[in-house]
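Residue numbers (numbering that gives the first Met the number 0), protein chains in the order written: chain A, 0 to 210; chain B, 0 to 210. What follows is a set of notes on a single structure, which appears directly below.
There are 2 protein chains.
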Amino acid sequence: MATAITPLRGRDAADTKDRLLDAAERLFAERGFSGTTMRAVTQAAGVSVSAANYHFGSKDALLAATIGRVVVPVNQARFERLAALEQAAGDGPLDLEEVLDAFLRPAIEKRGEAFRQVAARLFSDPPEVVVALKKEHFGDVSDRFVPALARALPGSDPSRVALDFQLLVGLMVHVISGQLDTNPYSGPYRVPEGEDLIRSTVRYAAAGFRS
Amino acid sequence: MATAITPLRGRDAADTKDRLLDAAERLFAERGFSGTTMRAVTQAAGVSVSAANYHFGSKDALLAATIGRVVVPVNQARFERLAALEQAAGDGPLDLEEVLDAFLRPAIEKRGEAFRQVAARLFSDPPEVVVALKKEHFGDVSDRFVPALARALPGSDPSRVALDFQLLVGLMVHVISGQLDTNPYSGPYRVPEGEDLIRSTVRYAAAGFRS
DNA sequence: GTCTATAGTTGGATAGAC
DNA sequence: GTCTATCCAACTATAGAC
C-alpha cells in the first residue's frame, strides 16, 4: 500500500519532531522497542520514514530521544522536591513518607498512559537496548535518593536501604506501567488512581523500609 | 551464511523439543518476544527452523510452550504450599509471612537466570502477546492467594488486600527478572541471593500488607 | 525539510527431498 | 522427524527529487 502522505513541504520541523515523539512514545509504550517499527511510528505521526531518519538518524536514536523527553522532566521534579525537603529539614532527619512521595509522585502523577509506560520500558526492555539509557537517566536518581532514604531512617543499615530502594523501584515500575489494571483477579477490586494510588504506594513502600 | 546443521536424522523428537525450549527460554528471557527470532532460537538449539515449526507450529506457539514449561511447576508448588498452610491452620488465621513465602519462594528459588526472567516477561512484554498467557497462568494464582492473604490479615479491607497483592506482584516481577542487579547505584550495595533474597522480599511485602 | 522510490537485509513460514 | 531451499512480506536505512 502506497501510504500517500500529504506532502506538506512547509511543515514546521519542530512540529514534525513532536509528532514523531508523540507517536513513538505511544507505540514504544504499547509494544516495546523491538515490537515497534519505524513504519508504524511514522505512519501514526503522518510523516514519511525518511523524515524520521532525517530528524533522529536511527531507530535507536529515536528511542533515546523518546525516553529522554519522558524521563528528564520527571527526574527534575524529583530533584526539586527532594532539595526542598532537605532544605526544610536543616540538620534534622528527613521524613520517610515525604522522601518516598518526592520519588514516586512525579512518575505516577503524569497524565497519560503512554507517558508512564514508556518510562517503565527502561526496566523491562532487552538490556542491550536500554542499559545505557537506564544508567544515564537513573544513575543520578539512585545516588541522590538512596542516601536521602538512609537519612530518613536513622540507624539503618546502608546496604539494606540500598536493597529496599531496589524493591521500591520494582513497585514504581509496576505501578507506572499500568500492570495494576491488567493482572487477572476475578474478585472485587478497584484500581486506585491519582492521589489514592500515590498514597497507597507510599504507604506500602514506607512500611517495607521501616520493617 | 548457510548454517550447515549436522543432519541427525534419527534424533529423538523429545530431545529436539527440549533443546528448542531451552534455547527459547534463554532468548525470550534475554531479549523478550519481539526481540527474539526463530532463527536465533533454532541456531542456539542446533536444529533447523523447520524443525521448530514442525514441533510448535509458529513463533507464538513456541512462546506459549516456553512460558508454560516455566510457569506451571512454579504455580503447582505455590498451590501445594498454600494448601499445606491451610490444612495446618484449620479454622484459625493464616500466618502472613508463610503465605507470602508460599507465593514468592517457588518463583525466586528456581535455579537459572533464564528460568526466572522468562516468567517475568509475562508482565513486561507487549499485551497482545502475553495477555492470554497471563490470564491462563496467573488467574488461578490470584484467585487463590488474594483470599488467603485476606485471611492472614483479619479485619482487613478486601479491596486493599487486592491492591496490595498487585504491588506484591510488582515486587516479585522485579526480583525474579534480575533487575536488582542492573539498576545503577554507585554506592555500597550487595545483591542478596537465595534464602536472603526470599526473606528480604517477604519482610518488605509483609510490612506493606500490615501497614 | 519532506517526500518517493528503492536498496539491502532479515523476518516467519512452507514445500519437498530424504 | 529433520533437513535444504525458497517464498514473500516487512524491516531499517539511504539516495535523490523537489
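Positions of the beta carbon are idealized from the N, C-alpha and C atoms, including for glycine.
{"Asked": "Contacting residues, own chain, Cβ-Cβ under 8 Å from Pro126 (chain A) (five flanking each side not counted)", "Found": "none"}
{"Asked": "Met0 (chain A), DSSP secondary structure in three states", "Found": "Note on Met0 (chain A): pLDDT 45, under 50, position unreliable in the model; no value is reported."}
{"Asked": "Cross-chain neighbours of Lys134 (chain A) in chain B, by beta carbon under 7 Å", "Found": "Pro183"}
{"Asked": "Coil, strand or helix - Val46 (chain B) by DSSP", "Found": "coil"}
{"Asked": "Helix, strand or coil at Asn52 (chain B) according to DSSP, with G and I counted as helix", "Found": "helix"}
{"Asked": "Contact the stretch 25-35 of chain A vs the stretch 31-41 of chain B: 3+ CB pairs below 8 Å", "Found": "yes"}
{"Asked": "Beta-carbon gap between Leu103 (chain B) and Val174 (chain B) smaller than 9 Å", "Found": "yes"}
{"Asked": "Gly186 (chain B) versus Val46 (chain A) - alpha carbon distance", "Found": "45 Å"}
{"Asked": "Asp195 (chain A) - containing alpha helix (DSSP H), residue span", "Found": "193-209"}
{"Asked": "Given 8 Å, three or more beta-carbon pairs between the stretch 155-175 of chain A and the stretch 191-207 of chain A", "Found": "yes"}
{"Asked": "Residues near Met37 (chain B) in its chain [Cβ-Cβ closer than 8 Å; skip 5 each side]", "Found": "Val48, Ala51, Asn52, Lys58, Leu61"}
{"Asked": "Rounded straight-line distance, which links the Cα of Ala22 (chain B) to that of Ala43 (chain B)", "Found": "6 Å"}
{"Asked": "C-alpha distance - Pro72 (chain B) paired with Asp195 (chain A), whole-angstrom precision", "Found": "36 Å"}
{"Asked": "Three-pair Cβ contact test at 8 Å for the stretch 150-164 of chain A versus the stretch 144-156 of chain B", "Found": "no"}
{"Asked": "N-terminal and C-terminal residue of the alpha helix (DSSP H) that Asp142 (chain A) is part of", "Found": "126-151"}
{"Asked": "Minimum C-alpha distance to Met171 (chain A) - residue among A:Gln116, A:Tyr184, A:Val129", "Found": "A:Gln116"}
{"Asked": "Cβ of Arg80 (chain B) within 9 Å of any chain A Cβ", "Found": "no"}
{"Asked": "Residue from B:Phe27, B:His54, B:Ala39 whose Cα sits closest to the Cα of Thr15 (chain B)", "Found": "B:His54"}
{"Asked": "Contacting positions in the stretch 112-128 of chain A - beta carbon closer than 9 Å to chain B", "Found": "Ala119, Arg120, Phe122, Ser123, Asp124, Pro125, Pro126, Glu127, Val128"}
{"Asked": "Under 9 Å (Cβ pairs) to chain A, residues found in the stretch 7-41 of chain B", "Found": "Glu29, Arg30, Gly31, Phe32, Ser33, Gly34, Thr35"}
{"Asked": "Contact with chain A by Arg189 (chain B), beta-carbon distance below 9 Å", "Found": "yes"}
{"Asked": "Euclidean distance between Cα positions of Arg18 (chain A) and His136 (chain A)", "Found": "23 Å"}
{"Asked": "Contact set between Val174 (chain A) and chain B, taken where Cβ atoms lie within less than 9 Å", "Found": "Gln165, Leu166, Gly169"}
{"Asked": "CB contact below 9 Å: Asp100 (chain B) versus chain A", "Found": "no"}
{"Asked": "Reduced DSSP secondary structure (H/G/I, E/B, other) of Arg80 (chain B)", "Found": "helix"}
{"Asked": "Whole-angstrom C-beta distance between Leu95 (chain A) and Tyr188 (chain B), which should lie under 8 Å", "Found": "That belief does not hold up - the Cβ atoms of Tyr188 (chain B) and Leu95 (chain A) are roughly 19 Å apart, past 8 Å."}
{"Asked": "Residues near Phe144 (chain B) in its chain [Cβ-Cβ closer than 6 Å; skip 5 each side]", "Found": "Phe102"}
{"Asked": "Backbone secondary structure at Asp59 (chain A) - three-state DSSP", "Found": "helix"}
{"Asked": "Residues that Arg202 (chain B) contacts on chain A, provided the C-beta gap is smaller than 8 Å", "Found": "Gly207, Ser210"}
{"Asked": "Any C-beta of chain B under 9 Å from that of Asp142 (chain A)", "Found": "yes"}
{"Asked": "Same chain only: Cβ atoms within 6 Å of Lys133 (chain B), ignoring 5 sequence neighbours per side", "Found": "Leu121"}
{"Asked": "Ile175 (chain A) beta carbon near the ligand ADP (any heavy atom closer than 8 Å)", "Found": "Ligands displayed in this structure: none; no statement on the ligand ADP is therefore possible."}
{"Asked": "Secondary structure of Ser33 (chain B), DSSP reduced to three states", "Found": "coil"}
{"Asked": "Where Asp90 (chain B) falls, given that 16 or more other Cβ within 10 Å makes a residue buried", "Found": "exposed"}
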